[in-house]
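**Q**
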Amino acid sequence: MSQHHQTSVQQSNSPGGSSTSGREPSGSKADEWSEVKDPSERRKIQNKLAQRRFRDKKREQTEDAEREVENQRRAGSSYASPEPGDIDQREELSEDADQPTSMSAEALSKLSLGDTMVTTRAGAARARTAPTANSPSSSQAPSPTPSFIDSASGLKYDLSVFDDDLRRRAKRGLMDDNAIKMKYCRMTTDDKVKYAFYIDDDITVAMGGSYDVPKCSCGANEGGRACKHIFWMLDQLTSGAPDNIKSQTLRISGDGSNVQELEPAEMIDRMSLDTVADGLDWVLHEGPVPDEEDVEDAIADMLSVFEPSDALPAEFKSPESPYLTERARKYREFKDLFSQLAAENLGLFLRLQAVIDPPFQAHVFFEKINDRINRTFNALDEYITNGPTATLSEAHDVVTCATKLRVLVKAIDEHYHQQVESGRDTKDIAIRAAASLTTILDGVTSRNVDAYAHITWGGIPPSDPTQSNLFVCLIGAPPEEDGLFVVDALKALPQDDIVRNHWETLSNIGEKLAEPWTPAFFLNAFRALTQENRKRSASETGGSDAKRAMHNTAASLMHNGPDRLRARGILQTAWSMLHDPKSA
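Count along the sequence shown from 1, add 3, and you get the number used in my numbering.
(1) If the criterion is Cβ atoms closer than 8 Å, does the pair Leu-287 and Tyr-201 meet it?
(2) Out of curiosity, what's the CA-to-CA distance linking Ala-495 and His-420?
(3) Would the region 464 to 484 count as touching the region 397 to 415 if we require 3 or more Cβ pairs under 8 Å?
(4) Would you identify the three-state DSSP class for Lys-195, choosing helix, strand or coil?
(5) Looking at Val-412: is its Cβ nearer than 8 Å to the Cβ of Leu-440?
(6) Whole angstroms are fine: how far does the CA of Asp-491 sit from the CA of Asp-374?
(7) Write down the C-beta distance between Val-196 and Gly-212 rounded to the nearest angstrom, noting that I regard them as a contact closer than 8 Å.
(8) Verify whether the separation of the beta carbon atoms of Lys-338 and Ile-302 is less than 8 Å.
(9) Is the number of C-beta pairs between the region 253 to 265 and the region 291 to 311 that are closer than 8 Å three or more?
(10) Given 8 Å as the limit, is there contact between the region 423 to 443 and the region 495 to 508, that is, 3 or more CB pairs closer than that?
(11) Ordered along the chain, which non-local residues of its own chain (more than five positions away) have a Cβ less than 7 Å from that of Ala-314?
(12) When you compare the CB positions of Leu-240 and Pro-267, do they come within less than 8 Å of one another, or not?
(13) Is Ile-434 closer than 8 Å to Asp-500 when the C-beta atoms are compared?
(14) Between Leu-162 and Lys-249, is the Cβ-Cβ spacing less than 8 Å?
(15) Run the CB neighbour count on Gly-350, radius 10 Å, all protein chains shown included, and call it buried at 16 or more, exposed below.
(16) Starting from Tyr-214, trace the beta strand (DSSP E) both ways and give me its first and last residue.
(17) What residue range does the beta strand (DSSP E) around Ala-209 cover?
(18) Report back the beta-carbon spacing between Leu-169 and Arg-228 to the nearest angstrom; my notes put them in contact at under 8 Å.
(19) Considering Thr-252, what are the terminal residues of the beta strand (DSSP E) in which it resides?
(20) Let me check understanding here. Comparing Cα to Cα, which of Ala-345, Asp-204, Thr-442, Asp-384 lies closest to Val-489?
(21) What's the call for Tyr-160, buried or exposed, on a 16-neighbour Cβ count within 10 Å?
(22) Name the DSSP beta bridge partners of Val-286, please?
(23) Quick check on the burial criterion: 16 or more other C-beta atoms within 10 angstroms. Buried or exposed for Leu-408?
(24) Using the Cα positions of Phe-165 and Phe-352, report the straight-line distance between them to the nearest angstrom.
(25) Under a three-way DSSP split, which group does Phe-165 fall into?
(26) Here's the rule: buried if 16 or more other CB atoms are within 10 angstroms of the residue's CB, otherwise exposed. What is Tyr-455?
(27) Identify every residue that forms a DSSP beta bridge with Phe-200.
(28) Spatial neighbours of Ala-280 within its chain, please: CB distance less than 8 Å, with the 5 preceding and 5 following residues excluded, ordered by chain position.
(29) The beta strand (DSSP E) spanning Asp-360 covers which residue range?
(30) Just tell me which of Lys-174, Ser-242, Ser-275 has its CA closest to the CA of Cys-230.
(31) Of the choices Trp-460, Asp-453, Asn-377, whose alpha-carbon is the least far from that of Asp-467?
(32) Run the CB neighbour count on Gln-667, radius 10 Å, all protein chains shown included, and call it buried at 16 or more, exposed below.
(33) Excluding the 5 residues flanking Asp-304 on each side, which residues of the same chain have their C-beta closer than 7 Å to its C-beta?
(34) Helix, strand or coil for Val-262, going by three-state DSSP, please let me know.
(35) What residue does the beta strand (DSSP E) around Asp-153 start on, and which one ends it?
(36) Excluding the 5 residues preceding and the 5 following Lys-47 in the sequence, name in chain order all residues of the same chain whose CB lies nearer than 6 Å to its CB.
Listed below in structure tokens is the structure:
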């Protein structure tokens, strides 16, 4: 066995020498999930194991394919079939001929598959960077890759100064059959501005900052030679060039440091990463990379909008209930699986955030809240009309109705504060929250009566007003720890727009509260809230309406106007600015 082959074997057996050496035994993993009793946790572990097996299999297939390609290339360059003229036709074998000559022991000892056979993905990458041994036939054969190629983006590149290996790399990155896909990109400013681009197969291309030339984590761009990922990145950045640039044959450096004397990091500096990402339809991630728990929590919030039983986000994230429908249970399993995928692919997570954005989540949340408010009051009316047994639909007595309304008020209050803590714009959420809260308070103040005074279904009504009067239960004599029903939640909202947007409803509530049986502390708190807001609203009315109307008109024009510039148009504009001396 040759020294090189021995080294390869040792590397494959070492912790870092092979992609499979770091894997844990399947038995230990099976023991790990089989000992877990909680069904949700078992599914999470099983999903992780399935994803790991899938990635390992995909990695092995990729390595096998690369080894096969490299072995074929080496075989083609190290052996040439003899031509007919090279064979001595006069030389014939006969019974009297000398015994066939055999390869000497010295020549035989020099043969080794280890010298040419590629056994690892890293070895394939290094082999592509090494110069190919020349044979008489290979030195005479023309280059398999042309000197000029047209890229997938329609640009023409001059590769005449590249050797065969570098031309092959450039062709893989510049042509449209490279199967390279961008997950997401981001900018860091720890020391100098650095741009990082995260590509499928866990590959990262970084440029700017401390890098004089782009750096790729694939390991194939060693020795000052760019890999296919770097060539692909350069072509993407150049794809938005104006027509006068596209009509030229572009010069591209072999190390990926520039195109037409322009460094890629400089292109992004001048165009901005925002513009590049928008133009190329890449996902741009701003801020720190979220950890796995944050991703799972956000995924649950987003997927809750489609939950089959209309569960609220907090309910969707809670442990499974034995009363879930089969659809709801399967949807939770889907949530767990998708969370695992998104935690491993931040680009997928960010794209889902762009689709199920916070405004849409808020819209669906308050749709569910308002639907529950109506159903809760209707269920109380159904109970009063038909009793607990003769009803054909959902029915709640006074106490149950009061409990469900308290839960809804708490859900609204917690949702609003969660949005505030996340740093989002909460003005629209505050207006929606105030609308739902005032609807609840209006419904309760309208039911300040003995709910069972005129029942016809023969039940024995409770004599305690806290069990027969919804108003008394929630406002007149509530438990001390409950605080002021609805009013406390309204006070926590920004006060500027509450009266302006809900003045009519609040006025009706104030009239119903101005009765002798309303507790003074509750009435005073409500009046303090509404009167203070009314004064503030009146003082801000002058001049603000015109500004607001102008802002709404502008927003409408932006929303309903032409679509945003197409990807190439954005980059063409940026490229024009990049080459404009006045913008330098």
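No residue lacks a Cβ here, since even glycine has one placed at the ideal position from N, Cα and C.
**A** Judging by the given coordinates:
(1) Contact annotation: Leu-287 and Tyr-201 have beta-carbon atoms that are not nearer than 8 Å.
(2) Straight-line Cα distance between these residues: approximately 9 Å.
(3) Touching, yes, given that three or more Cβ pairs across the two stretches are closer than 8 Å.
(4) Coil.
(5) Yes, Cβ-Cβ distance for Val-412 and Leu-440 is below 8 Å.
(6) Pairing Asp-374 with Asp-491, the inter-Cα distance amounts to about 22 Å.
(7) Contact holds; Cβ gap of about 6 Å.
(8) Taking a C-beta distance under 8 Å as the contact criterion, Lys-338 and Ile-302 qualify as a contact pair.
(9) A contact is defined here as three or more CB-CB pairs under 8 Å, and the region 253 to 265 fails this definition with respect to the region 291 to 311.
(10) Segments in contact, yes.
(11) For Ala-314, the CB contacts under 7 Å within the same chain, skipping 5 residues up- and downstream, are Ser-307 in chain order.
(12) Yes. Within cutoff.
(13) The Cβ atoms of Asp-500 and Ile-434 sit closer than 8 Å to each other.
(14) No, these two residues do not count as a Cβ contact at 8 Å.
(15) Buried, by the Cβ-count rule.
(16) Tyr-214 -> beta strand (DSSP E) spans 214 to 219.
(17) It spans 206 to 211 - the beta strand (DSSP E) in which Ala-209 sits, taken as one unbroken run.
(18) Indeed, because the Cβ distance is near 6 Å, the residues count as touching under 8 Å.
(19) From DSSP, the beta strand (DSSP E) with Thr-252 extends over 252 to 254.
(20) Closest by alpha carbon: Thr-442.
(21) By the 10 Å Cβ count, Tyr-160 comes out buried.
(22) Residue pairing from DSSP leaves Val-286 without any beta-bridge partner.
(23) Leu-408 is buried by the Cβ-count criterion.
(24) For Phe-165 and Phe-352, the distance between alpha carbons rounds to 39 Å.
(25) Looking at Phe-165 - three-state DSSP - the assignment turns out to be coil, as it is neither helix nor strand.
(26) Looking at its Cβ environment, which holds 16 or more other Cβ atoms inside 10 Å, Tyr-455 is buried.
(27) Paired residue(s): Cys-188, Val-208.
(28) Once the five neighbours on either side are set aside, the close Cβ partners of Ala-280 are Cys-188, Val-286, Leu-287.
(29) Per DSSP, Asp-360 belongs to no beta strand (DSSP E) and is neither H nor E.
(30) With distances taken between Cα atoms, Cys-230 lies closest to Lys-174.
(31) In this structure, Asp-453 is the residue among Trp-460, Asp-453, Asn-377 with its C-alpha nearest to the C-alpha of Asp-467.
(32) It is not possible to answer for residue 667, since the shown part of the chain is limited to 4 through 587.
(33) Sequence-distant partners of Asp-304 (beyond 5 residues in either direction) whose C-beta falls short of 7 Å from its own C-beta, in its chain, are Pro-316, Gln-364.
(34) Val-262: strand per DSSP, three-state reduction.
(35) Per DSSP, the continuous beta strand (DSSP E) segment holding Asp-153 begins and ends at 151 to 153.
(36) Here the set comprises Asp-339.
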